[in-house]
Structures are given as structure tokens and as C-alpha cells.
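Single-structure report; data block below.
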Amino acid sequence: MKLIVSKKDIEYFLNNFLDIAEFDKQGNKHYFLFQDYTRNGDWTLMFYKEEEKWTIHGKGLDYCDESEQELERNELIQFLYKNRKYINNELRSKKARVTS
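The sequence shown begins at 1 in full-length UniProt numbering and counts up by one.
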């Protein structure tokens, strides 16, 4: 799993998302959970393969976003780049779980 250092690494992340993410059979979507440091909770990044649609949803102890927010490609790239530190932390953690 390649970490996100630059914006070109985001393309790699998105192109390999199905291998990195978990799959929710009921919701028919792939999802990736990582820390929402600003609001003290978690972000869920979701991809609906059939619709080719990306969404995000935040949830924590003191908040829960009302619904998923769909992101256009540029918004998605900006969101991922802004949160790369927390995405990378989760990627490192996933890698550690796989190798142990």
C-alpha cells in the first residue's frame, strides 16, 4: 500500500481503492474508514462501483453527518489531500495487520 505524499499518489489510491477498502454487501459499496481529527471522530470514504460515485460521511461521539455527501472528482482529490496524514495512518495500520 502506497502512502499519499503528493497529489499524484491520490490517483494511485483511487485506482487501487477496491483492493484497499472493505466491502459492504448490504449497501453494495466499498468503504475506507479514517480519523476525522478536526471533529474528533471518523470519516468514511465510500465508492459505489455501479454508479461510479464517491461519497463521504463523518461520525463521532458528539456528531453524525445527516447523510452522505457526494464528491466530484476535484473535491475528492482536495479532500483526500487535506486528510492524507490520517489516511496514511490507517494505511500503515492496515499494512501492520496484514503482515502480523
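Using N, Cα and C, we set each Cβ at its ideal position, and we do this for glycine too. Since this is a predicted model, take the numbers as computed values, not measurements.
Checklist entry - Considering E90, what are the terminal residues of the alpha helix (DSSP H) in which it resides? => result Working through the sequence shown from its first residue, we reach residue 90 at position 90. Looking at the DSSP string, the run of the alpha helix (DSSP H) that includes E90 is R84 to T99.
Item to check | From L91, G41, R92 and G27, residue whose alpha carbon lies closest to that of K49 | outcome: Start at 1 with the first residue of the sequence shown, and residue 49 comes out as number 49. When only C-alpha atoms are compared, the closest one is G27.
Checklist entry - Apart from the five residues on each side of it in sequence, which residues of its chain come closer than 6 Å, Cβ to Cβ, to T99? => result One-based indexing of the sequence shown puts residue 99 at position 99. There are no such residues.
Checklist entry - Where are the beta strand (DSSP E) runs, 3 residues long or more, that stay fully inside the stretch 12-73, in chain order? => result 22-24, 29-36, 41-48, 53-60 and 69-71
Item to check | Span separating the alpha-carbon of K85 from that of S93 | outcome: Against the sequence shown, residue 85 aligns to sequence position 85. Against the sequence shown, residue 93 aligns to sequence position 93. Cα-Cα distance, rounded: 12 Å.
Checklist entry - So is N74 buried or exposed if we call it buried at 16+ other beta carbons inside 10 Å? => result As a first step, residue 74 is located in the sequence shown; it is residue number 74 there, counting from the start. That one is exposed.
Checklist entry - Considering only residues of the same chain and omitting the five flanking positions on each side of F79, which have a CB-CB separation below 7 Å? => result By 1-based counting over the sequence shown, the position of residue 79 is 79. Non-local C-beta neighbours of F79 in its own chain, meaning closer than 7 Å and more than five positions away in sequence, comprise I56 and L71, ordered along the chain.
Checklist entry - Skipping 5 residues on each side, what residues in its chain have a beta carbon closer than 7 Å to that of I87? => result Position 87 of the sequence shown, counted from the first residue, corresponds to residue 87. The residues are I4, F34 and L80.
Checklist entry - What is the DSSP secondary structure of I77, counted as helix, strand or coil? => result Here residue 77 refers to the residue found at position 77 when the sequence shown is read from its first residue. Looking at I77 - three-state DSSP - the assignment turns out to be helix.
Next on the checklist: Relative to the C-alpha of L45, which candidate in Y63, D62, L18 and K2 has its C-alpha closest?
Outcome noted: Position 45 of the sequence shown, counted from the first residue, corresponds to residue 45. It is L18 whose Cα lies nearest to the Cα of L45.
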